[in-house]
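Asks: Quick note on this note's numbering: the sequence shown kicks off at 28 and runs consecutively.
Idealized CB from N, CA, C, for every residue including glycine.
Just so it is clear, the structure is predicted and the values come from calculations on it, not from any experiment.
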Amino acid sequence: LSVMEGSPRPSPQQLPAGRGRHNLSREQVMRSQRERMLEAMIDTVADQGYNATTVVDVARRAGVARRTFYEHFGDKESCFLAAHDWLLERLASYAAPAYERPGPWPTRVRRGLAAVLTAIAYRPEGARLAIIEILAAGPRAHRRHLAAIDAFVPYIDQGRTETPLGSALPPNLARIVAGSVAARIHEHVATGHTSELRRLHPELLYLVLLPYLGHQRAHGEMHKAVERIGTARGSVGGRRQTATAPRYEP
Numbered sequence: 028l029s030v031m032e033g034s035p036r037p038s039p040q041q042l043p044a045g046r047g048r049h050n051l052s053r054e055q056v057m058r059s060q061r062e063r064m065l066e067a068m069i070d071t072v073a074d075q076g077y078n079a080t081t082v083v084d085v086a087r088r089a090g091v092a093r094r095t096f097y098e099h100f101g102d103k104e105s106c107f108l109a110a111h112d113w114l115l116e117r118l119a120s121y122a123a124p125a126y127e128r129p130g131p132w133p134t135r136v137r138r139g140l141a142a143v144l145t146a147i148a149y150r151p152e153g154a155r156l157a158i159i160e161i162l163a164a165g166p167r168a169h170r171r172h173l174a175a176i177d178a179f180v181p182y183i184d185q186g187r188t189e190t191p192l193g194s195a196l197p198p199n200l201a202r203i204v205a206g207s208v209a210a211r212i213h214e215h216v217a218t219g220h221t222s223e224l225r226r227l228h229p230e231l232l233y234l235v236l237l238p239y240l241g242h243q244r245a246h247g248e249m250h251k252a253v254e255r256i257g258t259a260r261g262s263v264g265g266r267r268q269t270a271t272a273p274r275y276e277p
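(1) List in chain order: all unbroken alpha helix (DSSP H) runs of 4+ residues lying wholly within the region 144–203.
(2) Taking only the alpha-carbon atoms, compute the straight-line gap between glycine 76 and alanine 157 and give it to the nearest angstrom.
(3) If alanine 168 and leucine 108 are in contact, beta carbons under 8 Å, what's the gap, nearest whole angstrom?
(4) Could you check the C-alpha separation between tryptophan 132 and aspartate 70 for me, to the nearest Å?
(5) Between Ala110, Phe100, Val143 and Val204, which lies nearest to serine 120 when the distance is taken from Cα to Cα?
(6) Going by C-alpha distance, which of His213, Ile176 and Leu231 is nearest asparagine 199?
(7) Please report the distance separating the alpha-carbon of isoleucine 183 from that of alanine 201.
(8) Quick check on aspartate 70: does DSSP put it in helix, strand or coil?
(9) Buried or exposed for alanine 195, going by 16 or more other Cβ atoms inside 10 Å?
(10) Does the region 88–100 come close enough to the region 59–73 to have 3 or more Cβ pairs within less than 8 Å?
(11) Relative to the C-alpha of glutamate 98, which residue among Arg187, Met57 and Lys251 is closest?
(12) With DSSP run on the structure shown, which of helix, strand or coil describes leucine 51?
(13) Within the continuous alpha helix (DSSP H) that includes alanine 89, where are the two ends?
(14) Give the secondary structure of glycine 76 by DSSP, where H, G and I count as helix, E and B as strand, and everything else as coil.
(15) Answer with buried or exposed for threonine 188, where buried requires no fewer than 16 other C-beta atoms within 10 angstroms of its C-beta.
(16) Between Leu162, Gln185 and Leu115, which has its C-alpha nearest alanine 210's C-alpha?
(17) Are proline 151 and alanine 73 closer than 9 Å when you measure CB to CB?
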């Protein structure tokens, strides 16, 4: 599953504490409860926003008692941050293999960026939490948000090896590029166009490559991305994609 893809929804019924008819161990029960509460936090925050969400809302949606919630999380903020981190872990596990496959740096950027956009688009509720509501959840959440953007910096900064000017480029260039990409994605999610994020792939690819490859090469890579997306369902100029499973550009 991608990071933004939800696990199959369990029945909103609290599981017994120990082994019972379900034949699950205590650890399995605890893990199931935790994941249900994380999913409930994601969906509830997407529906009504972080500030309006309460522990009672999350517990009810997850099918657990308030006591069970506090066995896992100290408060609402702790659960929210855990849900955010859970989403990012799943995003990394989905997108990293796309980038790490052998190939030239521009090709790896194209694959990795497509994987990131596909995963985010596939789960709008997760995108809402991790990209929009994270900014309303206080200083700790804001620091998490900045750290999430910074996680992409090393991948972008590898572009220095593509140009003889690598060492002369501004030291924070990759961070500026990552922030610009994040801002464009934020705009799309905030305006309710999360499911159409794949349409941004060519322009964001150009944005990442331009400082390292120059206009001509970056434009050529962007054109290749347009051609690839144009032949797939949910093309840049075509119909809105209805995702049935996450996928990334091969």
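Replies: According to the structure shown:
(1) 151–154, 166–177 and 180–184
(2) C-alpha separation (whole angstroms): 12 Å.
(3) 6 Å
(4) Approximately 36 Å between the Cα atoms of the pair.
(5) Val143
(6) Ile176
(7) 6 Å
(8) helix
(9) Exposed, by the Cβ-count rule.
(10) yes
(11) Met57
(12) coil
(13) 82–89
(14) coil
(15) exposed
(16) Leu162
(17) yes
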